[in-house]
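**Student:** Protein chains in written order, with our numbering: chain A, 1 to 607; chain B, 1 to 203. For glycine and all other residues, C-beta sits at the position ideal for the given N, C-alpha and C.
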Amino acid sequence: MSVLEQKTFISAIPPFDQLSKAELEAVADAMDITYFKNGQSILKQDTSPAALYIIIKGIVQEIHQEEIISLYTSQDSFDAISLLEGHNKSNFLAQEETICYTLPKEIFLLLIQNNHHFKEFYYQDLSKRLNSLIEQRNNKELASFMVAKIKDAYIHPPLFVDENTSIYQAVSTMSQLRANFILVKSEGEIGIVTDKDLRDHVVLQRHSIDNPIKEIATYHLIGMTTEDFLLHALLVMIRHSIKHLLIYRQQEVVGVLEQIDLLSYLSNHTRLVAVQIDRAQNTEQLKTASHNMTNMIKSFQANGMKIKYMMQWVNELNQQIFKKLYAFIAPPELLANSCLIVMGSEGRGEQILKTDQDNAIIIRDEFTKLDMIEQVTTKLTETLVDLGYPPCPGKIMVNNPYWCQPLKKFKEQIFQWAVEFQEPLMDLAIFCDAKAVAGDPNLLQEAKDYLADHLQDNQAFFSHFAKPTLSFETPLGIFTTFIVEKFNENQLDIKKGGIFPIVHGVRSLALEQKIWQTNTLERIKALTELGLFEKQFASDLIESLNFMISLRLQFELEKVARNETYDNYIKPNRLNKLERDLLKDSFKVVNQLKRFVSYHFKLDRVT
Amino acid sequence: MLKNWLKWYAQHQLRDPNYNFLFHLPNPHEYICFDCETTHLNPKKAEILSIGAVKIRGNTILTSEKLELFIKPKESISEVSIKIHQLRHCDLEHGLLPNEAIFRFLHFIGSRPLVGYYLEFDVAMINKYLKPLLGIKLPNPQIEVSGLYYDLKQNVLNPVHVDLRFDAILADLELPVLGKHDAFNDALMTAMMFVKLQGQTNK
Numbered sequence: 001m002s003v004l005e006q007k008t009f010i011s012a013i014p015p016f017d018q019l020s021k022a023e024l025e026a027v028a029d030a031m032d033i034t035y036f037k038n039g040q041s042i043l044k045q046d047t048s049p050a051a052l053y054i055i056i057k058g059i060v061q062e063i064h065q066e067e068i069i070s071l072y073t074s075q076d077s078f079d080a081i082s083l084l085e086g087h088n089k090s091n092f093l094a095q096e097e098t099i100c101y102t103l104p105k106e107i108f109l110l111l112i113q114n115n116h117h118f119k120e121f122y123y124q125d126l127s128k129r130l131n132s133l134i135e136q137r138n139n140k141e142l143a144s145f146m147v148a149k150i151k152d153a154y155i156h157p158p159l160f161v162d163e164n165t166s167i168y169q170a171v172s173t174m175s176q177l178r179a180n181f182i183l184v185k186s187e188g189e190i191g192i193v194t195d196k197d198l199r200d201h202v203v204l205q206r207h208s209i210d211n212p213i214k215e216i217a218t219y220h221l222i223g224m225t226t227e228d229f230l231l232h233a234l235l236v237m238i239r240h241s242i243k244h245l246l247i248y249r250q251q252e253v254v255g256v257l258e259q260i261d262l263l264s265y266l267s268n269h270t271r272l273v274a275v276q277i278d279r280a281q282n283t284e285q286l287k288t289a290s291h292n293m294t295n296m297i298k299s300f301q302a303n304g305m306k307i308k309y310m311m312q313w314v315n316e317l318n319q320q321i322f323k324k325l326y327a328f329i330a331p332p333e334l335l336a337n338s339c340l341i342v343m344g345s346e347g348r349g350e351q352i353l354k355t356d357q358d359n360a361i362i363i364r365d366e367f368t369k370l371d372m373i374e375q376v377t378t379k380l381t382e383t384l385v386d387l388g389y390p391p392c393p394g395k396i397m398v399n400n401p402y403w404c405q406p407l408k409k410f411k412e413q414i415f416q417w418a419v420e421f422q423e424p425l426m427d428l429a430i431f432c433d434a435k436a437v438a439g440d441p442n443l444l445q446e447a448k449d450y451l452a453d454h455l456q457d458n459q460a461f462f463s464h465f466a467k468p469t470l471s472f473e474t475p476l477g478i479f480t481t482f483i484v485e486k487f488n489e490n491q492l493d494i495k496k497g498g499i500f501p502i503v504h505g506v507r508s509l510a511l512e513q514k515i516w517q518t519n520t521l522e523r524i525k526a527l528t529e530l531g532l533f534e535k536q537f538a539s540d541l542i543e544s545l546n547f548m549i550s551l552r553l554q555f556e557l558e559k560v561a562r563n564e565t566y567d568n569y570i571k572p573n574r575l576n577k578l579e580r581d582l583l584k585d586s587f588k589v590v591n592q593l594k595r596f597v598s599y600h601f602k603l604d605r606v607t
Numbered sequence: 001m002l003k004n005w006l007k008w009y010a011q012h013q014l015r016d017p018n019y020n021f022l023f024h025l026p027n028p029h030e031y032i033c034f035d036c037e038t039t040h041l042n043p044k045k046a047e048i049l050s051i052g053a054v055k056i057r058g059n060t061i062l063t064s065e066k067l068e069l070f071i072k073p074k075e076s077i078s079e080v081s082i083k084i085h086q087l088r089h090c091d092l093e094h095g096l097l098p099n100e101a102i103f104r105f106l107h108f109i110g111s112r113p114l115v116g117y118y119l120e121f122d123v124a125m126i127n128k129y130l131k132p133l134l135g136i137k138l139p140n141p142q143i144e145v146s147g148l149y150y151d152l153k154q155n156v157l158n159p160v161h162v163d164l165r166f167d168a169i170l171a172d173l174e175l176p177v178l179g180k181h182d183a184f185n186d187a188l189m190t191a192m193m194f195v196k197l198q199g200q201t202n203k
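#1: Going by beta-carbon coordinates alone, are B/Thr39 and B/Met125 separated by less than 8 Å?
#2: Could you tell me the boundaries of the beta strand (DSSP E) in which A/Lys57 lies?
#3: Provide the residue span of the alpha helix (DSSP H) that contains A/His454, from first to last.
#4: Under a three-way DSSP split, which group does B/Cys33 fall into?
#5: If you draw a straight line from the C-alpha of A/Met311 to the C-alpha of A/Phe300, how long is it?
#6: According to DSSP, simplified to helix, strand and coil, what is A/Leu246?
#7: Given a cut-off of 8 Å, decide if A/Ile209 and A/Ser166 are closer than it, judged by their beta-carbon atoms.
#8: Which of the three DSSP states is assigned to A/Thr34 in this structure?
#9: For my contact list, A/Leu609 and A/Met224 are in at a C-beta cut-off of 8 Å; report their separation, rounded to the angstrom.
#10: Within 8 Å of any Cβ in chain A, is that where the Cβ of B/Leu152 sits?
#11: If you measure from the CB of A/Pro501, is any heavy atom of the ligand HEM nearer than 7 Å?
#12: According to DSSP, what are the bridge partners of A/Val254?
#13: Would a C-beta distance cut-off of 8 Å place B/Asn155 and B/Leu138 closer than the cut-off?
#14: So A/Phe601 is in the beta strand (DSSP E); what residue range does that whole segment cover?
#15: Starting from B/Val212, find everything on chain A with Cβ-Cβ shorter than 7 Å and list it in chain order.
#16: Quick check on B/Ser111 - is its C-beta less than 8 Å from some C-beta in chain A?
#17: The segment 136-151 of chain B: which residues have C-beta closer than 8 Å to a C-beta of chain A, in chain order?
#18: Would you call B/Trp8 buried or exposed, if buried means 16 or more other Cβ atoms sit within 10 Å of its Cβ?
#19: Measuring CA to CA, which of A/Gln6, A/Ala30, A/Ile107, A/Ile42 is closest to A/Gln75?
#20: Here's the rule: buried if 16 or more other CB atoms are within 10 angstroms of the residue's CB, otherwise exposed. What is A/Met296?
#21: Which class does A/Ile494 belong to by DSSP, given the choice of helix, strand or coil?
#22: Please report the residue range of the alpha helix (DSSP H) in which A/Tyr101 lies.
#23: For the segment 85-159 of chain B, list the beta strand (DSSP E) runs that are entirely contained and at least 3 residues long, ordered along the chain.
#24: Can you have a look at B/Tyr31 and say buried or exposed, based on whether 16 or more other CB atoms are within 10 angstroms of its CB?
#25: A/Asn359 bridges to which residues according to DSSP?
#26: In the DSSP assignment, the beta strand (DSSP E) including B/Glu68 goes from what residue to what residue?
#27: Is it true that the CB of A/Phe118 sits closer than 8 Å to the CB of A/Pro212?
#28: Of all the options A/Lys89, A/Tyr569, A/Ile33, which has the alpha carbon lying nearest to the alpha carbon of A/His64?
#29: With DSSP as the reference, identify every bridge partner of A/Met224, one or two as the case may be.
#30: Would you mind reading off the limits of the beta strand (DSSP E) that contains A/Ala217?
#31: Quick check on A/Ser172: does DSSP put it in helix, strand or coil?
#32: Going along the chain, which residues of its own chain have a beta-carbon closer than 7 Å to the beta-carbon of A/Arg595, five neighbours each way excluded?
#33: Go through its chain and collect everything with a Cβ distance to A/Pro441's Cβ below 7 Å, but skip five positions before and after it.
#34: With 16 other CB atoms within 10 Å as the buried threshold, where does A/Val203 fall?
#35: Measuring alpha carbon to alpha carbon, tell me which residue in A/Leu71, A/Gln445, A/Phe108, A/Leu83 is nearest A/Ala28.
#36: Just checking: is the beta-carbon of A/Met296 within a distance shorter than 8 Å of some beta-carbon in chain B?
And the structure:
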């Protein structure tokens with residue numbers, strides 16, 4: 001009967017709450033209870049511990065080189081790492097009388113092997129703890145998709161025919177084997193022939209069916225390996241609008257992945273939106289797709305998709321929408337001679353639910369038919385609002401002539417920002433995140449090159465640029481309590497408090513180091529490669545940012561469900577203990593970054 | 001000397017040599033803590049309904065090696081006692097026969113010293129069944145937890161009243177209370193008292 005008590009006690013403690021009923025039973029059956037006197041040694045350094053200790057009552061010190069490095073109290077467990085490594089680096093001592101459950105090493109290792117939630121939990125630096133939290137909101141279907149590799153999906157066997165086989169012969173082989181495609185090797189290059197090739201070449205162009213098959217094959221195929229993630233494969237297919245991927249294992253072709261097989265892994269919403277955008281013939285159809293994105297995001301969230309992938313995915317779809325829309329609205333002439341760019345969160349690829357549009361158009365200097373432009377930009381902005389992208393209060397939109405200019409005007413503007421420090425420098429910050437989505441991307445590249453050439457090693461400039469990182473207090477009090485807006489339902493603004501300082505701090509450092517990636521995570525990685533950030537700090541920074549973005553999304557979606565407009569406010573008192581702890585940890589990381597940025601750019605000397 | 005003789009005498013009474021192990025020397029630092037639920041508070045009238053027991057080795061309570069037995073009573077259980085131990089007739093329908101339970105209990109405890117709270121009663125209950133079976137009473141040394149507690153709390157020079165109620169001891173020793181009173185939970189809580197008291201008296 002008291003096994004029941006043990007089970008209730010244990011099952012409330014992460015990560016034991018992730019165990020299956022049978023596993024929990026096994027754990028409860030295997031546990032003993034041990035008592036330690038005040039000051040008694042529990043585990044000695046350089047021994048090989050035989051059990052995991054889970055504290056029922058009491059306090060335990062972890063001592064390393066005569067220094068207390070950690071305290072454990074009720075419901076904490078120690079020391080998983082020693083068990084995993086089979087070797088104990090610290091002394092564990094009862095600071096007061098302590099009663100522990102002990103779980104034998106063998107059972108613990110078995111759980112680690114068989115339950116990946118359990119395993120995740122114990123690889124326990126900040127980033128892993130965050131991950132395990134996200135995994136908590138797991139749904140089998142999508143979660144399994146997130147980790148599914150190409151080898152898990154159905155891969156069609158590679159069906160090769162000789163390059164000189166006649167089209168007729170090849171097609172009859174295809175139909176005998178009920179294949180949708182056939183592969184040929186010609187001059188060392190692998191080509192594919194699909195039904196579409198037959199239609200385009202043989203039927204529409206009356207290509208003779210006695211000609212060799214190699215003439216109608218498509219070459220330069222994109223390949224991936226069996227170990228790549230399925231999600232990545234899908235992104236590649238969408239980016240290149242292709243339906244087949246050549247799959248390799250080591251250097252050898254093992255088959256072909258078809259989009260339809262890949263999509264069968266995805267829930268309806270997800271698939272729906274991608275297909276809707278892909279097939280949209282007019283703005284009305286794009287609008288349907290765009291509005292479905294909120295539902296798609298909801299299902300991602302409910303299914304526990306990692307925020308990083310969610311951002312990638314939403315970003316990919318948004319870009320497709322912008323690209324299509326610009327092609328619908330702009331006449332071909334303008335399309336060829338201009339570049340539509342998105343900036344801010346969209347440019348960084350960090351937008352999930354639609355936020356204010358930040359966009360601009362760079363026009364080629366030689367392009368003279370400027371009279372058509374106003375009509376296009378007005379239509380574009382209006383349609384985007386109609387599609388659900390709210391207008392930007394700062395008017396950073398194409399219908400503002402300031403943000404729709406010939407390249408040389410942009411260069412002048414950049415010169416004023418970078419050389420003459422013309423305010424607002426936040427406009428430059430937003431421009432730094434610019435990404436080309438339609439038209440000629442070289443125009444943006446040229447503008448950025450110009451910026452790179454005119455950035456000087458001017459300490460004062462970067463100090464001014466970086467200054468807004470410190471604009472808002474981190475909402476964390478002295479006793480690590482949250483500082484909330486008491487007259488505003490005890491909420492706190494997580495964008496001002498946490499997300500913006502990281503985004504802008506990292507952006508400032510990236511600009512100084514001439515790192516041109518727009519995505520914050522990629523900027524952090526690049527800064528780490530330059531040795532500016534320590535590896536551990538970089539990973540804490542990334543996980544903190546991801547966690548705060550996902551927290552914001554959680555509250556945004558709740559507001560959407562209540563038909564309210566969403567904003568950047570969250571309510572800390574609605575979070576569970578683990579989430580609160582993680583948010584506190586994240587704010588500590590924000591403060592660390594602020595100190596770093598402040599020191600790096602000597603912000604204390606700037607007024 | 002007398003102790004040894006008594007032991008020899010008791011072993012002499014043992015009817016079944018298979019149970020000689022009860023008289024072997026126990027492993028040092030090993031104890032058994034146990035508790036019985038019965039139909040009545042008078043051992044002469046009472047029947048055992050369940051036995052809960054747990055091994056103790058040094059400072060560790062081996063809950064992974066526990067014994068929990070339910071016994072089918074001969075007579076109907078009174079309503080009053082059902083309310084206390086919450087063992088209904090249907091809970092015990094698939095219980096063991098008393099003799100079988102006693103044999104399993106003996107194998108579990110071996111020759112280890114027995115620990116309990118008002119142990120006298122529980123030992124008397126076991127002996128009531130054991131004596132007719134094997135001709136002996138439990139030969140194991142016995143340790144009374146309330147006695148240990150009393151010794152710790154009592155001050156010879158300045159006598160005080162010591163509250164020896166189970167829950168009072170538990171609370172005073174700051175031990176977790178395991179909700180329901182059943183044989184195994186009680187044995188487990190008693191074991192915690194014992195382990196903690198041992199720790200304190202050794203200090």
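**Tutor:** With the structure as the only source:
#1: no
#2: 51-57
#3: 441-454
#4: strand
#5: 11 Å
#6: strand
#7: yes
#8: strand
#9: Summary: the structure shown does not reach residue 609 of chain A, with chain A confined to residues 1 through 607, and so no result is reported for it.
#10: no
#11: With respect to the ligand HEM, the structure shown offers nothing to examine, as it has no ligands at all.
#12: Partner(s): none; A/Val254 has no beta bridge.
#13: no
#14: Element bounds for A/Phe601: n/a, residue is neither H nor E.
#15: An answer regarding residue 212 of chain B cannot be provided, because it is not within the stretch 1 to 203 covered by chain B.
#16: no
#17: none
#18: exposed
#19: A/Gln6
#20: buried
#21: helix
#22: Premise fails: A/Tyr101 lies in the beta strand (DSSP E), 98-104, not in any alpha helix (DSSP H).
#23: 114-116, 142-144
#24: buried
#25: A/Val342
#26: 60-70
#27: no
#28: A/Lys89
#29: A/Ile247
#30: Looking at the DSSP string, A/Ala217 is not in any beta strand (DSSP E), and its letter there is neither H nor E.
#31: helix
#32: none
#33: Cys339
#34: exposed
#35: A/Phe108
#36: no
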